[in-house]
Every structure is written in C-alpha cells, then in structure tokens.
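Q:
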Amino acid sequence: MAFEGLSERLQSVMSKLRGKGKVTEADVKEAMREVRLALLEADVNFKVVKTFIDRVKERAVGQEVLKSLTPGQQVIKVVHEELTVLMGGEQVKLNTAPKSPTIIMMSGLQGAGKTTHTGKLAKLLQKQNRRSLLVAADVYRPAAIKQLQVLGEQIGAPVFTLGDKESPVKIATEGVAKARAEGFDYVFIDTAGRLHIDEEMMDELRQIKAQTEPHEILLVVDSMTGQDAVNVADHFNKELGLTGVVLTKLDGDTRGGAALSVKSVTDCPIKFVGLGEKMDAIEPFHPDRMASRILG
Ligand code: GDP
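Using the numbering used here, the first residue of the sequence shown is number 15, and each one after it goes up by one.
This is the structure we're talking about:
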C-alpha cells in the first residue's frame, strides 16, 4: 500500500484520540502538533499543512465536537473530511468531447510514466468499449515510438506514427485527423518529455495544444518526487493550463506529499493514480477513499 510512513504516524495519533472518553482542547492541540509534523515529514507543502491544521483545529475544538459522546471519533471524522477536501473533495472524471473523438494530450517530464499511462488509460477505456488511437509524438527519445507500439500491441490499440523525422505538431495534427476520420472515441497524444522543464518543450506543447485543441491536458508526474512533482505541476499548469494530473508510482511512495499537495497548490485535480508497471495498475483518484486508506 502507498503512504505507509504517513499512515502509520497518523494512525498512531488517531488511536490515542479514539481511546479517550474525554477530549480536551489541549488534547486536540497536541494531536494536531503531531499531525503537523507527520505531514511535513511526508513532504506536504508547508502552506498546505498550515491551512489544513488551522481548519481542523477550528472545527475540532468546537463545543459540539468536544462535548459529543465520542469526541475522539468526532475529531478523527473532522481530520478525515479535511484530508478529503485537501485532495480535491469529489472524484473528477475525464472530460469528454461533445462529439468524438475526445482529444487527450499527455504531458510530463521524462521517466514520469507518460507513455505507460497512455497505454493504461487506453486499456481502461477499452473496458468501457471505447476505442483509442495512440499518437506517437515523442520524436526525440529514440525508443519512445517503439515503446508506444509495443504497448499498443499489448493492449490492442492502434498506434499512429510518422517516424521521428516529422515535427511533433504535424504528427499530433495528423493523428487527430485520422482519429476523427476513422471514428475513434479517444485519441491520446504522447508528447515528448525532457529531464527538466525547458522553454523548447513548453513551446512545442503550446503549439500542439493550439493545433489540436485537446479536451483534456493531463500532466503525468512521479509521486515519489514529492514537492518536486508539485512544483512541476504548478509550472505546467501556469504554462499550459492543465485539466488534470495523473500521479504515478504511488506503489513506491511511502510519504504521500504530492498526493496531498497537488490540488491545493495548483487547483488542478488528480484524476488518476498509477500503482505499478502493469497495464491495469491504474485507478481513478477518489479523495475520500485515499483519506480512508491513510487514516486506516
Ligand atoms: P515516460 O518517459 O514519462 O514516458 O515514462 P515511462 O512510461 O517510460 O515510464 C518510466 C518507467 O517508470 C518505466 O520503467 C515504467 O515501467 C515505470 N512506471 C510507470 N508508471 C509506474 C507506476 O505507476 N508504478 C511503478 N512502480 N512504475 C511505473
């Protein structure tokens, strides 16, 4: 399970509260001090931590909570609700085009899991009888086109490529035209990533966006990179206007700082999480379920 570290810490704070028949304001303050430390250690953005703790305190020291029959449980409930809010509240679904195909642009830094998650999403949609065309617009990384072709073959989704000699903008535009002409439900544009954010990459992404007018611009980020992932999301969002985030490698993330900070910092919802290398290791992101997982 993801976030073992954070989970263990929070569960131990919560179990202390749960056991108490009477909970005082001082108990709540002490618990929140520990929660604050646990969140900071989990690499949650410090401003996000502050807002979170203030909100929980304000609600939890209210008379109706502390005077209730089960004050410990009530405080835990408040923490659960506020964690859910922090991660976006409601689950946010993929946008769909009023008229097919829905155009989805996949962006992200190299190694984040962009190509893998293009395949995973296409497979997920296939289970709902939706056909996807995968467009190989990463012409810089030599193995990228081949990787997408292998994934496409594995899940039974066709891949559109013009090789690595044409411009990514042209490939994306022609790919979308093909998806439209052939009645695909979804078209995924797998764009090029770099090791770091650079102007050239952003320029290319802006051009692809302008030419293809995607309904969904997803940023794929590696959850294990914590606040770096949040900063990348913030940057991409300001430059491109993201519609959603795919948070990958949650299976290896013991901390959870990115999952807890992305929505608050960028106001961009996490739509999916990646939980492994296999093609079905993907789940829609449910903030309330994630809060339950964390609090145990
Ligand atoms: P890209 O450069 O962003 O297209 O990244 P890739 O899709 O090639 O993925 C980079 C590496 O991360 C590959 O070895 C993937 O198998 C691995 N990977 C991708 N997503 C996940 C995930 O959710 N969990 C784990 N454990 N590995 C992943």
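Note that the Cβ used here is the ideal one computed from N, Cα and C, for glycine as well.
Would you kindly report the start and end of the unbroken beta strand (DSSP E) that includes K392?
A: Examination of residue 392 is not possible in this model, given that the chain is present from 15 through 310 alone.
Q: On a CA-only basis, which of P301, I118, T268 is nearest P283? Give me that one, please.
A: Counting from one through the sequence shown, the residue named residue 283 turns up at place 269. It is P301.
Q: In terms of residues, what are the limits of the beta strand (DSSP E) holding P298?
A: Position 284 of the sequence shown holds residue 298. It spans 296 to 298 - the beta strand (DSSP E) in which P298 sits, taken as one unbroken run.
Q: Grouping DSSP H, G and I as helix and E and B as strand, with all else coil, what is D265?
A: For this step, residue 265 is matched to residue 251 along the sequence shown. Helix, per DSSP.
Q: When we look at the beta-carbon of S306 and count the other beta-carbons within 10 Å, is it buried (16 or more) or exposed?
A: Here the question's residue 306 lines up with position 292 in the sequence shown. Result: exposed.
Q: Select from L165, V49, D204, G33 the residue whose C-alpha is nearest the C-alpha of G19.
A: Working through the sequence shown from its first residue, we reach residue 19 at position 5. Closest by alpha carbon: V49.
Q: Quick check on G258: does DSSP put it in helix, strand or coil?
A: Counting from one through the sequence shown, the residue named residue 258 turns up at place 244. Residue state, collapsed to three classes: strand.
Q: Give the secondary structure of A24 by DSSP, where H, G and I count as helix, E and B as strand, and everything else as coil.
A: Residue numbering aside, residue 24 sits at position 10 when the sequence shown is read from its first letter. Per the sequence shown, residue 24 should be read as Leu rather than Ala. In this structure, L24 counts as helix in the three-state DSSP scheme.
Q: In or out: D68 buried (at least 16 other Cβ within 10 Å) or exposed?
A: As a first step, residue 68 is located in the sequence shown; it is residue number 54 there, counting from the start. Exposed, by the Cβ-count rule.
Q: Per DSSP, what kind of secondary structure is E180 in: helix, strand or coil?
A: Sequence index remark: in the sequence shown, residue 180 carries index 166 (1-based). If DSSP states are grouped into helix, strand and coil, E180 belongs with coil.
Q: Is the beta carbon of G86 closer than 8 Å to that of L31?
A: By 1-based counting over the sequence shown, the position of residue 31 is 17. By 1-based counting over the sequence shown, the position of residue 86 is 72. Going by C-beta atoms, L31 is nearer than 8 Å to G86.
Q: State the CB to CB distance for the pair A150 and T175, rounded to an integer number of angstroms; the pair is presumed to be in contact (CB under 8 Å).
A: Walking along the sequence shown from the start, residue 150 turns up at place 136. Walking along the sequence shown from the start, residue 175 turns up at place 161. Contact holds; Cβ gap of about 4 Å.
Q: Is A295 near the ligand GDP, with its Cβ less than 7 Å from a heavy atom?
A: Looking up residue 295 in the sequence shown gives position 281. A295: yes, Cβ under 7 Å from the ligand GDP.
Q: Alpha carbon to alpha carbon, how far is V173 from I117?
A: In the sequence shown, the residue the question calls residue 173 occupies position 159. In the sequence shown, the residue the question calls residue 117 occupies position 103. One C-alpha to the other measures close to 15 Å.
Q: Considering just the uninterrupted stretch of the beta strand (DSSP E) at T130, what are its terminal residues?
A: Within the sequence shown, residue 130 is the residue found at index 116, counting from 1. First-last for T130: 128 to 140, but that is the alpha helix (DSSP H), not the beta strand (DSSP E).
Q: Count the C-beta pairs between the region 246 to 265 and the region 278 to 297 that are closer than 8 Å, then say yes if the count reaches three, no if not.
A: Verdict: yes, contact present.
Q: How long is the line joining the alpha carbons of K223 and L162, rounded to whole angstroms?
A: In the sequence shown, residue 223 corresponds to position 209, counting from 1. In the sequence shown, residue 162 corresponds to position 148, counting from 1. K223 and L162: Cα-Cα distance of roughly 21 Å.
Q: So is P112 buried or exposed if we call it buried at 16+ other beta carbons inside 10 Å?
A: If you number the sequence shown from 1, residue 112 lands on position 98. Its Cβ having fewer than 16 others within 10 Å, P112 is exposed.
Q: Where G103 and V260 are concerned, what is the direct C-alpha to C-alpha distance, given to the nearest angstrom?
A: Position 89 of the sequence shown holds residue 103. Position 246 of the sequence shown holds residue 260. Spanning the two alpha carbons is a distance of roughly 16 Å.
Q: Enumerate in chain order the residues of its own chain whose CB-to-CB distance from T226 is below 8 Å, with the five nearest sequence positions on each side excluded.
A: Here residue 226 is taken as the residue at index 212 of the sequence shown, counted from 1. So the list reads I117, M119, A186, T187, V190, I203, once near-sequence residues are dropped.
Q: Give me the Cα-Cα distance between T257 and R208, rounded to the nearest whole angstrom.
A: Start at 1 with the first residue of the sequence shown, and residue 257 comes out as number 243. Start at 1 with the first residue of the sequence shown, and residue 208 comes out as number 194. Rounded to the nearest angstrom, the two C-alpha atoms are 21 Å apart.
Q: Is it the case that the Cβ atoms of T110 and H229 are separated by a distance below 8 Å?
A: Reading the sequence shown from its first residue, position 96 is the one you call residue 110. Reading the sequence shown from its first residue, position 215 is the one you call residue 229. In contact: T110 and H229 (Cβ atoms closer than 8 Å).
Q: Using a Cβ-Cβ cutoff of less than 6 Å, which residues in the same chain neighbour L289 once the five nearest sequence positions on both sides are dropped?
A: Within the sequence shown, numbered from 1, the residue matching residue 289 stands at position 275. Correct list, in chain order: L264, D265, A295.
Q: Is the separation between the beta-carbon of V70 and that of G271 shorter than 8 Å?
A: Your numbering for residue 70 matches position 56 in the sequence shown. Your numbering for residue 271 matches position 257 in the sequence shown. Going by C-beta atoms, V70 is not nearer than 8 Å to G271.
Q: When you compare only the Cα positions, how much space is there between D242 and K34?
A: Your numbering for residue 242 matches position 228 in the sequence shown. Your numbering for residue 34 matches position 20 in the sequence shown. Going from the Cα of D242 to the Cα of K34 covers about 39 Å.
Q: Could you name the residues that DSSP lists as bridge partners for G150?
A: Position 136 of the sequence shown, counted from the start, is the residue given in the question as residue 150. The residue asked about is misnamed: residue 150 is Ala in this sequence, not Gly. A150 pairs with D204.
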